[in-house]
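Student: The structure that follows is given in the form of structure tokens.
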Amino acid sequence: MREALFIKKNADKWQEHQHQPTDDPDEQAERFITILDDLAYSKTFYPQSKVTRWINGIAAGTYQKIYQNKKEKYSRLGSFWKTELPMVMYKHRNVLYFTFGLFLLFVGLAVWSSIQDFNFMRNLMPGLVERTEKGIEDKDPFGYYRDNDKFTMFAQITFNNILVSFIPFAGGITFGLVTTWNLFNNSMMLGVFQYMHFAQGIGWESVLVIWIHGAIEIPSFVLAAMSGYIVAKGLLFKGTFSWKDSLMRSMKDAIKLIIALIPLFCIAGFFESNVTYLSSNAFDNTANTSLPVWASILILVSSLSFMVWYFAIYPLKVAKTQAALMADALPQLMTA
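Numbering (the numbering used here), first residue to last: 486 to 821.
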């Protein structure tokens, strides 16, 4: 059968499976068996065709629908963190790589610009540069992390970070333009801020102090930008979906990611308001209490390792597990 005839014969059925899902378990199983037959035929005769990828996507979506209807031993919240969010990260892993690449590019640009012209830092962030320089002159460069009202500091930092994270997410609706501008500004500020401390001879001290909370906070802002690019991807690359369906699907995935960032910003806010200043005291001989350098390194490495593992490595494992479950389910469904 020619590919054009194959598509013409089955296109309406595939469209129905894709855009008119059913909650009837028997019909789901029947649809799955039918789509698997079509997929096997298409892979045999048109292995490199776009229609094969389309059918494969429909089959995967049908299987996920069946799997979600099974009785889970985990709560909805547990399922979200264990499977749902990692699958979102796996689905959009190329968006993650793209976002992180832009982040590194912008940070590198900020450092390079600061090396070329030291006044670049002062022009970009005059208030922060003056505050930091004054702190260095007073031999207390990290004094702004010290606040007696730690709860208020925690609440303000956390609320501000959560609020700011919605900007790149919402910016996705502008085809990613606002998202890119927000990522550019945040990355440039980070690059300038970090280089400024190295230029003043306290670079490694700043790493051990600032990245106590930054190891979670900075990757979270990168993930917030990723959520905006997911929305933009839904607008720019709708595939076989309508514009509305493509946007709604991408928005759903992006919202899941934004929701996941809320507890991470809470943890980062706690570190910044309660732990960061203790780390800075390790470099102040007059401080009564301080966090040992080894403890700062442990927190930093543990936090950064968790962010890399959960958002980049663990999704690959979950996707592999889901693929194995799907393969195991095929014989049962074929005999249903």
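Yeah, the Cβ is synthetic: ideal placement off N, Cα and C, and Gly gets one too.
What residue range is occupied by the uninterrupted alpha helix (DSSP H) comprising Phe750?
Tutor: Start and end: 728-759.
Student: My parser needs the alpha helix (DSSP H) runs of 4 or more residues fully inside the segment 603-646; what are they?
Tutor: Runs found: 604-609, 611-622.
Student: Give the C-beta separation of Val803 and Pro571 to the nearest angstrom, bearing in mind that I take them to be a contact with Cβ-Cβ under 8 Å.
Tutor: Val803 to Pro571, Cβ: 4 Å. Contact.
Student: Using a 10 Å radius around the Cβ and a threshold of 16 neighbouring Cβ atoms, would you call Met733 buried or exposed?
Tutor: Classification of Met733: exposed, given that the 10 Å Cβ count is below 16.
Student: Buried or exposed: Asp738, going by 16 or more other Cβ atoms within 10 Å of its Cβ?
Tutor: Flag for Asp738 reads buried.
Student: Output the boundary residues of the alpha helix (DSSP H) element that contains Pro571.
Tutor: It spans 570-576 - the alpha helix (DSSP H) in which Pro571 sits, taken as one unbroken run.
Student: For Trp689 and Phe683, I'd like the C-alpha separation in whole angstroms.
Tutor: Between Trp689 and Phe683, the C-alpha separation is close to 7 Å.
Student: Are the segment 662-669 and the segment 751-766 touching by the rule of at least three beta carbon pairs closer than 8 Å?
Tutor: No, they do not touch.
Student: Can you tell me which of Lys535, Trp499, Val677 puts its alpha carbon nearest to the alpha carbon of Pro611?
Tutor: The residue with the shortest Cα to Cα distance from Pro611 is Val677.
Student: Rounded to a whole number of angstroms, what is the C-alpha to C-alpha distance between Gly719 and Pro653?
Tutor: Approximately 15 Å between the Cα atoms of the pair.
Student: With a threshold of 8 Å, are at least 3 pairs of Cβ atoms found where one atom belongs to the segment 780-796 and the other to the segment 687-703?
Tutor: Yes, the segment 780-796 touches the segment 687-703.
Student: Beta-carbon separation of Phe796 and Leu708 under 8 Å?
Tutor: In this structure, Leu708 lies closer than 8 Å to Phe796 by Cβ.
Student: Tell me which residues share the same chain as Ser764 and place their Cβ nearer than 7 Å to its Cβ, disregarding the 5 neighbours each side in the sequence.
Tutor: Only Leu693, Val694, Ile697, Leu776, Ser781 meet the Cβ criterion.
Student: In its own chain, which residues sit with a C-beta less than 7 Å from the C-beta of Ile747, not counting the 5 before and 5 after it?
Tutor: Excluding positions up to five away in sequence, the list reads Ile647.
Student: Look up Met486 in the DSSP assignment and say whether it is helix, strand or coil.
Tutor: Residue state, collapsed to three classes: coil.
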